[in-house]
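> Supplied in structure tokens, the structure appears directly below.
Numbering (the numbering used here), first residue to last: 395 to 655.
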């Protein structure tokens, strides 16, 4: 009777040990799965934040430029020198992107984003910026027209109200964003993309659309920051244009000493 009891105890102890081993194994597997899920969740959150930050940087560029370009205007007076649309190359551009300077007159511009941090009173800002209504001259490029403080680099926006007919100077220039390393503009002439457009040398007509291509910096926005190398593009239709496939722009408007793409 005693031997049978001892065997029963040993059998019971053996079964309990197996259960412990199984439970320990399952616990290790569960902990490994939880650790993997945690690491994957953290990595997903990091990538999501990175994509969101990237989207915010792109939105700043695309929203502002779309607003400006869609508002491009030319007066109906063929002799008018105060309204124009000029996309030109400075010689330092990336030809894959297009010309690197776009200067035009538009009815769209609002107060520049830099005005948010301006501490001047209303009268001083109005005197400096001019009237907020009517046609204004806008110039966009990564090379500043005026002096750049602290060697800042990026996409510069120059606005002059009202336009004075001189597309090379005047107005207030601000750094729209330090994230843009390179930018280029192309213009739909009704049949193809042209990398130059000049209403002062050819017909006074606006392009049907403007293709904006740019490369973002991957660093802190300083001039020596590296770029991610990716070209981002978006197309902005110009509502005031009458250019189409049946009525394309003339070669005089799009040549300006450069080729078409």
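No residue lacks a Cβ here, since even glycine has one placed at the ideal position from N, Cα and C.
Keep in mind the model is a prediction, meaning the values are calculated, not measured.
Helix, strand or coil: which one does DSSP assign to residue 580?
When secondary structure is reduced to three states using DSSP, residue 580 falls in the strand class.
> Helix or strand or just coil, what does DSSP make of residue 593?
DSSP, reduced to helix, strand and coil, places residue 593 outside both helices and strands of the structure shown, so it counts as coil.
> Would you mind sorting residue 560 into buried or exposed? The rule is 16 or more other CB atoms within 10 Å of its CB.
exposed
> If you count every other CB in all the chains shown that lies within 10 Å of the CB of residue 631, and 16 or more means buried, which is it?
exposed
> Considering only DSSP beta bridges, list what residue 608 is partnered with.
577 and 626
> Report buried or exposed for residue 546, applying the criterion of at least 16 other Cβ atoms within 10 angstroms of its Cβ.
exposed
> Count the CB pairs spanning the segment 561–571 and the segment 635–650 that are closer than 8 Å, and state whether there are at least three.
no
> From residue 558 to residue 476, what distance separates their C-alpha atoms?
6 Å
> Indicate the three-state DSSP secondary structure (helix, strand or coil) for residue 647 in the structure shown.
helix
> If you draw a straight line from the C-alpha of residue 592 to the C-alpha of residue 537, how long is it?
19 Å
> Among residues of its own chain, excluding the 5 on either side of residue 432, which ones have a beta-carbon nearer than 6 Å to its beta-carbon?
none
> Within the same chain, show all residues whose beta-carbon is closer than 6 Å to that of residue 564, passing over the 5 residues directly before and after it, in chain order.
554 and 558
> Taking Cβ positions, are residue 351 and residue 600 nearer each other than 8 Å?
The shown model of the chain, from 395 to 655, leaves out residue 351, and the question about it has no answer.
> Determine whether the beta carbon atoms of residue 549 and residue 629 lie at a separation below 8 Å.
no
> Unbroken alpha helix (DSSP H) runs of length 4 or more, entirely within the segment 542–571: which are they?
The qualifying runs do not exist here; there are none.
> So within the segment 467–499, which uninterrupted beta strand (DSSP E) runs reach at least 3 residues, ignoring any that extend past its ends?
479–482
> Determine the extent of the beta strand (DSSP E) in which residue 540 is found, giving its start and end residues.
First-last for residue 540: undefined, no H or E at that position.
> Applying the criterion that 16 or more other CB atoms from any shown protein chain within 10 Å of the CB defines a buried residue, is residue 427 buried or exposed?
exposed
> Tell me, which residues are paired with residue 631 by DSSP?
603
> Indicate, with yes or no, if the ligand ADP has a heavy atom lying under 7 Å from the CB of residue 478.
Judged by which ligands are present, the structure shown has none, so any question about the ligand ADP falls away.
> Using 8 Å as the threshold, is the C-beta distance between residue 535 and residue 494 below it?
yes
> Do residue 648 and residue 588 have their CB atoms nearer than 8 Å?
yes
> Considering only DSSP beta bridges, list what residue 531 is partnered with.
499 and 554
> Give me, in chain order, the residues of the same chain whose beta-carbon lies closer than 7 Å to that of residue 584; leave out the 5 immediate sequence neighbours on both sides.
Excluding sequence neighbours, residue 584 sits near 602, 637, 638, 639, 641, 642 and 643.
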